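Okay, structure first, notes after.
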Amino acid sequence: MSTVSLPAGTGPAPGAPAMPARAQRRATRRWYRQPALMAGIVITGIVVLAAAAAPLLTPYNPIAQNLNASLLGPSAHHLLGTDQLGRDTFTRLLYGLRVDLRIAFLAVLFPFVLGTILGSLAGYFGGWVDVVVMRAVDIVVAFPFYVLVIALVFVLGPGERSIYIAITVVGWVSYARIVRGEILVAKRQDYVLAAQAGGLSSARIMGRHLLPNVITQAFIYSMSDIVQDILAIVTLGYFGLGVPPPTADLGSMINDGQNFLSTHWQLTTIPGLAVIVVGLGLSLIGDGLADLLRPGSA
Amino acid sequence: MNGQGRTGPQTGGPQTGERQMNERQMNGNVLEVSDLRVQIASRRGLVRAVDGVSFEVPRGGALGLVGESGSGKSMTLRAVLGVLPPEAHVVSGQVRLDGTDLLTLNHDSLNRMRGPKISMIFQEPMSALNPVMRVGQQIAEGPRIHLGYSRARAAERTLELMRRVGIPDPERRYRAYPHEFSGGMRQRVMIAIALACEPEIILCDEPTTALDVTIQDQILRLLAALCRESGVSLVFVTHDLPVVAQVCQQVAVMYGGQLVERGDVRDVLLDPRHPYTLGLVRSAPDFEYVQDSLRPIPGSPPSLITPPPGCRFHPRCEFAEDDCRTGEVPLRILPGGRATACLHYERCLDALAADRAGQ
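Top to bottom, those sequences are chains U and V.
The letter at position 79 of the first sequence is residue 72 when you use this note's numbering, and the numbering goes up by one with no holes.
Just so we're on the same page, this note's numbering is the position in the second sequence counted from 1, plus 182.
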């Protein structure tokens, strides 16, 4: 290609948006080219759809007992057999997923919001606010996640509400740390100075100017956090601290099936596999999103 | 904080001179800064970034604040607007905007001034715009908050401002993000933001330094025109003397955190009365009397932690005498509304005459 010298003034107008359109197209093309993200979306999508459509996929009631049909093996009527109370295992699996996924998605939301707010305040104002918030973080971080969640639910009593409270109390610290760190960097940027010079209130600067710039990292983290939350919920169910029976829940299904492990392995193994599949799907989404959204990554 | 304001005999001298000037120009001034001192706590000690600076900006006028990097120009602006970095503090002084001392206001009252009364344009239009907010929203934010405009009215005002600062096709650019703009266009957006609430004075912190020369000229013309049309006053911080000559009527020269010379732009740049200003002029190209080669000022800027005693410029000054090395050198009023801190400013006249004769 030879260099052609253009006469002055024939170039694109200053700031002509030829580049952005192309950049945008590249960005939209990129997301479905991420194999991890695509695989995660497919796996999670199937699981979520199956859980949501549970009443359509199975004719049985997940909690209705039928002692005449207890501990049946897999058959055309009962795809995965029945448990000791004669409940269809496949049905309970779908309804259990429903419960656990709903709790997990809600349980990730509360710490996300709380941690983001506290982290923003600590990062933006610094000083004693920062000291108070970060010491609280240190206290929570001193305990292992699962141990603290289980202990809290044990104290609060089993049930959905206790799970939300426990996961919020323990989970907000990660979000607070991430958001605080991001805000510490971002608040030194000129656009924050410009916003201050424009007489905007601190709340507005944090909410409208800083948060949209820093929330991505917290969002990426929430995708891996939700996996942790699902494991915590299943663990609680296993210990009998989750959703009270007879509501189906993967953790309690695993526990109930344990007694029949030598004769009816599917009662325990299938719900366990379901937990692995859900965790895998969400982890893949988290990794894919991180690759896609993290600045500087290809 | 007050303990650090005790800077000994330094305070006595300059203030007397300042007070006389203040009284003379009291009526027509938008902004009056008097004896402003800013200190920065650093690991190596207390940095006196701004050390007793006083200046006035007449209504509708433009004051250039000139000096090399680290002379305290930007710190002065940031102190005026109350946006100092956390490690810097105003130790003493007054910043009167229309008679109100900004330094004594609480955060909320100050916020009500920032935008509708006083605003700022930054050096880097790239980083001073929020990357994830549409430019239209960024311009509209001020009127929405300070002037209580409805969404529709603020949008209308934004389009008007974008037209006024010369952004083509504002209806379409309103929804664009900053990265879709060129540097010059971004600086126009910054100017639109600064103008949005019709302030009385705009502080410009090297607004053209990050731009290439042709764009620089466009932006300067735009600022000068806006200044003329709407009567906005400007404080223009720069190290670029031709820029000062193009935009400002008055100029104040800073060295080592202090003002060393002040006066009308033509007087100061063509006929400097301080060896530092003389050095700046000699080291700048494109002035009438410049020689074939540019002459740099020998030495390097003074430490602001332990500034040299006496005149801060004396270690680098070719005219320095014994009296420059001790005691204080206040800004003294000269005939013609000028002021200089040099004890031997006549020597600048001789040096200039020699320069011109040699040409």
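Even glycine gets a Cβ: it sits at the ideal position worked out from N, Cα and C.
All figures in this text were calculated on a predicted structure; none of them were measured in a lab.
(request) Answer with yes or no whether the minimum CB distance from Y117/U to chain V is below 8 Å. (result) no
(message) Let me check you understand the geometry: is the CB of G116/U closer than 7 Å to at least one non-hydrogen atom of the ligand SAM?
(response) Of the ligands one can find in the structure shown there are none, so the ligand SAM has no counterpart to examine.
(request) List the residues that DSSP assigns as beta-bridge partners of P264/U. (result) Beta-bridge pairing links P264/U to no other residue.
(message) Starting from P542/V, trace the beta strand (DSSP E) in both directions and tell me its first and last residue.
(response) Limits of chain V in this structure are 183 at one end and 541 at the other, which puts residue 542/V out of reach.
(message) Is the separation between the beta-carbon of P454/V and that of V463/V shorter than 8 Å?
(response) yes
(request) Taking only beta carbons into account, state which residues of the segment 325 to 348 of chain V come closer than 8 Å to chain U, listed in chain order. (result) I327, H328
(request) Below 8 Å on the Cβ atoms is my guess for L229/U versus V146/U; work out the distance and round it to an integer in Å. (result) 6 Å
(message) Assuming L404/V and A378/V are in contact, meaning their beta carbons sit under 8 Å apart, how far apart are those beta carbons, in whole angstroms?
(response) Contact flag wrong, Cβ pair sits at about 15 Å.
(request) Check whether the Cβ of D123/U lies closer than 8 Å to any Cβ atom in chain V. (result) no
(message) Buried or exposed, going by whether 16 or more other CB atoms sit within 10 Å of the CB of A46/U?
(response) exposed
(message) Does the CB of F304/V have a neighbour CB from chain U at under 8 Å?
(response) yes
(request) Mark M203/V as exposed unless 16 or more other C-beta atoms lie within 10 angstroms of its C-beta, in which case mark it buried. (result) With a pLDDT of only 44 at M203/V, under 50, the local geometry of the prediction cannot be trusted, and no value is derived from it.
(request) Would you mind stating whether A115/U and A169/U have Cβ atoms separated by less than 8 Å? (result) yes
(message) Taking the alpha-carbon of C524/V as reference, which of F495/V, A536/V, P268/V, A533/V has the nearest alpha-carbon?
(response) F495/V
(request) Specify, as a first and last residue, the run of the alpha helix (DSSP H) that T228/U falls within. (result) 204 to 231
(request) Note down the Cα distance separating G265/U from V41/U, rounded to an integer number of angstroms. (result) 16 Å
(message) With three or more C-beta pairs closer than 8 Å as the rule, is the segment 116 to 127 of chain U touching the segment 160 to 175 of chain U?
(response) yes
(request) Grab me the residues of E306/V's own chain with a C-beta within less than 8 Å of its C-beta, minus the 5 sequence neighbours each way, in chain order. (result) A392
(request) Determine the chain U residues that contact M257/V at a beta-carbon separation under 9 Å, and present them in chain order. (result) Chain U residues near M257/V: none, gap ~13 Å exceeds 9 Å.
(request) Kindly identify the DSSP beta-bridge partner or partners of G439/V. (result) None; G439/V has no bridge partner.
(message) On a Cα-Cα basis, can you pick out the residue from V148/U, A187/U, G192/U, L87/U that is closest to H328/V?
(response) G192/U
(request) Can you pull the chain V residues whose beta carbon is under 8 Å from the beta carbon of H202/U, in chain order? (result) N312, M315
(message) Does any residue of chain U have a CB that is nearer than 8 Å to the CB of S309/V?
(response) yes
(message) Rounded to the nearest angstrom, what separates G164/U and E175/U at their Cα positions?
(response) 18 Å
(request) Starting from the beta carbon of Q295/U, find every residue of chain V whose beta carbon is closer than 8 Å, and list them in chain order. (result) The first residue shown for chain U is -6 and the last is 291, placing residue 295/U beyond what the model contains.
(request) Please name the residue, chosen from N248/U, L78/U, N206/U, Q210/U, that lies closest to V314/V on a Cα-to-Cα basis. (result) N206/U
(message) Could you compute how far the alpha carbon of R26/U sits from the alpha carbon of R355/V?
(response) 31 Å
(request) Give the residues of chain V in contact with S194/U, contact being defined as C-beta atoms less than 7 Å apart. (result) N293
(request) Mind listing, in chain order, the continuous beta strand (DSSP E) runs of no fewer than 3 residues lying wholly within the segment 353 to 431 of chain V? (result) 383 to 387, 415 to 420
(request) Compare the C-beta of Q27/U against all C-beta atoms of chain V and say whether one is closer than 8 Å. (result) no
(message) Quick check: the segment 243 to 250 of chain U against the segment 199 to 217 of chain U, are at least 3 beta-carbon pairs closer than 8 Å?
(response) no
(request) Look at the Cβ atom of V236/U, then the Cβ atom of V142/U, and state whether they are nearer than 8 Å. (result) no
(request) Return the bridge partner residues of L218/V from the DSSP annotation. (result) V235/V
(message) Run through chain V and tell me which residues come within less than 8 Å of G174/U, C-beta to C-beta.
(response) In chain order: nothing, as chain V lies at least about 17 Å away.
(message) So for H257/U, helix, strand or coil by DSSP?
(response) coil
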